[in-house]
Amino acid sequence: MSKLLIDVGSTYFKISSDDGVEQQFRDFSKTIFDDLTSKFGDTINKYNKESVHICSSANGGLSTLIIGLTNSFSLKYAKNIAFNSGINIIDTVLYHHIDKSAVPGDLLDVVIVVGGIDSVGGIYDDKLFKYLEKLSYSNIVYVGSQKDAQYLSKNIESLVVLENIITDKLKMKEEALKEYLTNLYQQDIVGKEDIKHLYELTSNQIYSTPYIVNQSLPYVDARHEVINPFIVVDIGGATTDIHYSRDLSRENMLSESEYDRLVFKKLGVYKSKESLIFAAKNNEFVYELLNYLNVTENILEQTDEKALRVLMQLSIFLVLCKVSTHNSMYITLNLHLLKSIVLTGGITKVLSFEEVESIVQFFYKKILHTTAIPTILLDSNYDIWTLGMNAIEDKRIENVN
57 MSKLLIDVGS
67 TYFKISSDDG
77 VEQQFRDFSK
87 TIFDDLTSKF
97 GDTINKYNKE
107 SVHICSSANG
117 GLSTLIIGLT
127 NSFSLKYAKN
137 IAFNSGINII
147 DTVLYHHIDK
157 SAVPGDLLDV
167 VIVVGGIDSV
177 GGIYDDKLFK
187 YLEKLSYSNI
197 VYVGSQKDAQ
207 YLSKNIESLV
217 VLENIITDKL
227 KMKEEALKEY
237 LTNLYQQDIV
247 GKEDIKHLYE
257 LTSNQIYSTP
267 YIVNQSLPYV
277 DARHEVINPF
287 IVVDIGGATT
297 DIHYSRDLSR
307 ENMLSESEYD
317 RLVFKKLGVY
327 KSKESLIFAA
337 KNNEFVYELL
347 NYLNVTENIL
357 EQTDEKALRV
367 LMQLSIFLVL
377 CKVSTHNSMY
387 ITLNLHLLKS
397 IVLTGGITKV
407 LSFEEVESIV
417 QFFYKKILHT
427 TAIPTILLDS
437 NYDIWTLGMN
447 AIEDKRIENV
457 N
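See the structure below:
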């Protein structure tokens with residue numbers, strides 16, 4: 057069956073139809089619906105609503121705070137699941153230090169409370185409730201010891217209780233929390249006024265683009281000569297995402313999924329440009345990197361095409377830093393084992409292969425202390441996401457039949 061695939065990005069529209077793949081820069085003076093239909097209306101009108109499939113990253117991800125008992129189990133496991141669900145972690149709090157912990161001032165999309173195996177109870181007390189009273193949040197979920205679930209439910213309004221993510225054997229059980237967070241991400245997309253109107257074009261669920269790209273990973277070798285293990289780095293206007301094969305993870309956590317993803321909400325090159333610049337200025341290697349690129353720090357304050365190219369190069373470097381041993385806040389990937397890096401997103405329309413290669417070389421030499429780098433592949437047609445959209449639809453049809 058002929059299908060129309062649409063990706064609503066924070067800066068670009070992408071469509072894949074019988075005529076191939078097209079991209080158009082968004083006009084931010086118009087609503088998403090009006091802009092999309094004015095640019096691609098003729099193509100969209102050729103398809104019925106059942107044949108139109110849409111994904112979007114225009115919402116830029118969700119923010120969360122995690123409260124846990126230990127860094128080695130509860131916080132580590134919850135952080136892993138949150139990152140892989142497209143969630144942006146604002147902060148983590150060790151429960152034993154909660155009365156001395158800072159309180160984020162921004163509205164949080166979700167608070168996660170976790171800790172203890174199911175055979176242990178009596179973990180929490182009034183300290184938790186007093187801290188939560190200081191927070192501003194939209195959702196709160198508990199995924200710790202089931203012995204404390206009833207007590208917490210009585211004292212925390214609108215608490216969602218899911219099965220414990222920590223088994224009695226101290227293994228990670230991620231399915232329930234991952235589904236909950238993925239659904240929150242989906243609800244956030246649909247809740248955006250601009251996105252709601254897109255259901256006038258499709259009768260199918262609108263998915264988050266990071267989820268769709270992650271579904272593409274098993275099929276990437278159909279388009280690119282990747283060598284396992286590999287990562288896909290998707291650099292867009294609002295976020296920079298890393299999708300990776302689990303055998304690169306140093307955490308050794310059990311999971312049903314072969315691939316995972318990390319969504320960095322503050323490393324986009326358009327909508328989160330200021331956050332990207334802030335992260336760059338606070339990275340100890342960036343000024344050396346700018347010198348390596350033959351530019352000065354003044355480039356970060358400029359708005360021309362050269363400045364945009366440098367920002368995109370910086371986003372590659374910064375996101376690799378965040379998943380390396382240089383930074384313990386995020387999931388650490390064993391980048392020494394990496395064989396291929398695939399780059400997708402708006403970056404592939406701006407940077408040359410040589411500009412990408414120079415950044416990867418700098419990172420591997422400066423951070424990993426080696427001159428050997430992975431094979432670099434650019435998704436120049438900007439169509440990896442279509443592999444995931446097709447895979448989702450094929451699975452849906454298979455389930456129906």
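The numbering of the sequence shown is this note's numbering, which starts it at 57 and goes up by one.
Virtual Cβ for every residue (Gly too), placed ideally from N, Cα, C.
Below 8 Å, enough C-beta pairs join the stretch 396-408 and the stretch 283-293 to call them touching: three or more.
Taking all protein chains in view, the Cβ of A158 is surrounded by fewer than 16 other Cβ atoms within 10 Å, so the residue is classified as exposed. Proximity of the stretch 264-271 to the stretch 365-380 falls short of the contact definition, fewer than three beta-carbon pairs being nearer than 8 Å. For R317, the beta-bridge partners assigned by DSSP are H299.
L345 is classed as buried because its beta carbon has at least 16 other beta carbons within 10 Å across all chains shown.
Runs of the beta strand (DSSP E) lying entirely within the stretch 215-271, each at least 3 residues long, are 215-217 in chain order. The three-state reading of DSSP puts E78 in strand, counting E and B together. In chain order, S119, L121 and P160 place their CB closer than 6 Å to the CB of I146, counting only its own chain and leaving out the 5 sequence neighbours on each side.
In terms of Cβ geometry, F69 and K105 do not form a close pair [threshold 8 Å]. In the assembly as shown, T426 is an exposed residue. Its beta-carbon has fewer than 16 other beta-carbons within 10 Å.
Within a 10 Å sphere around the beta-carbon of S259 sit fewer than 16 other beta-carbons, which makes this residue exposed. At least 8 Å separates the beta-carbon of K183 from that of D224. Taking a 10 Å sphere around the C-beta of F286, we find 16 or more other C-beta atoms and assign the residue as buried.
Here the stretch 351-368 makes no contact with the stretch 391-400; the two share fewer than three CB pairs at distances below 8 Å. Counted as a single uninterrupted DSSP element, the alpha helix (DSSP H) harbouring S371 occupies residues E361 to K378. Check the Cα spacing between Y438 and each of L150, V406 and V416: the tightest is with V406. Residue nearest to S113 within the set T99, I251 and A447 is I251 (criterion: CA-CA distance). Assigned with DSSP and collapsed to three states, H109 falls in strand.
Only exposed fits F409, as fewer than 16 other CB atoms lie within 10 angstroms of its CB. Annotated three-state conformation of K86 is coil, per DSSP. The three-state reading of DSSP puts L92 in helix, counting H, G and I together. A distance of 8 Å or more separates the beta carbons of V217 and I196. In the DSSP annotation of this structure, the continuous segment of the alpha helix (DSSP H) that includes N211 starts and ends at A205 to N211. Annotation for S414: the continuous alpha helix (DSSP H) segment containing it runs F409 to K422.
Looking at the DSSP output, Y198 shares a beta bridge with V169 and V217.
Per DSSP, L163 is not a residue of any alpha helix (DSSP H), being assigned neither H nor E. Rounded to whole angstroms, the gap between the alpha carbons of L164 and D75 is 42 Å. Classified as exposed, S175 has fewer than 16 neighbouring CB atoms from the shown chains inside 10 Å of its CB. Looking at the DSSP output, V289 bridges to I298 and L399.
Between V412 and I429, the gap from beta carbon to beta carbon reaches 8 Å or more. Cβ atoms of Y187 and D204 stay farther apart than 8 Å, at about 16 Å. A check of alpha carbon separations from V166 across Q202, K422 and Y193 identifies Y193 as the nearest. In this structure, T99 and I71 form a Cβ contact; the two beta carbons are roughly 6 Å apart against a cut-off of 8 Å. For F139, the uninterrupted alpha helix (DSSP H) run begins and ends at S130 to N140, by DSSP. In the three-state reduction of the DSSP assignment, G177 falls in the coil class.
In the structure shown, the three-state DSSP call for K451 is helix.
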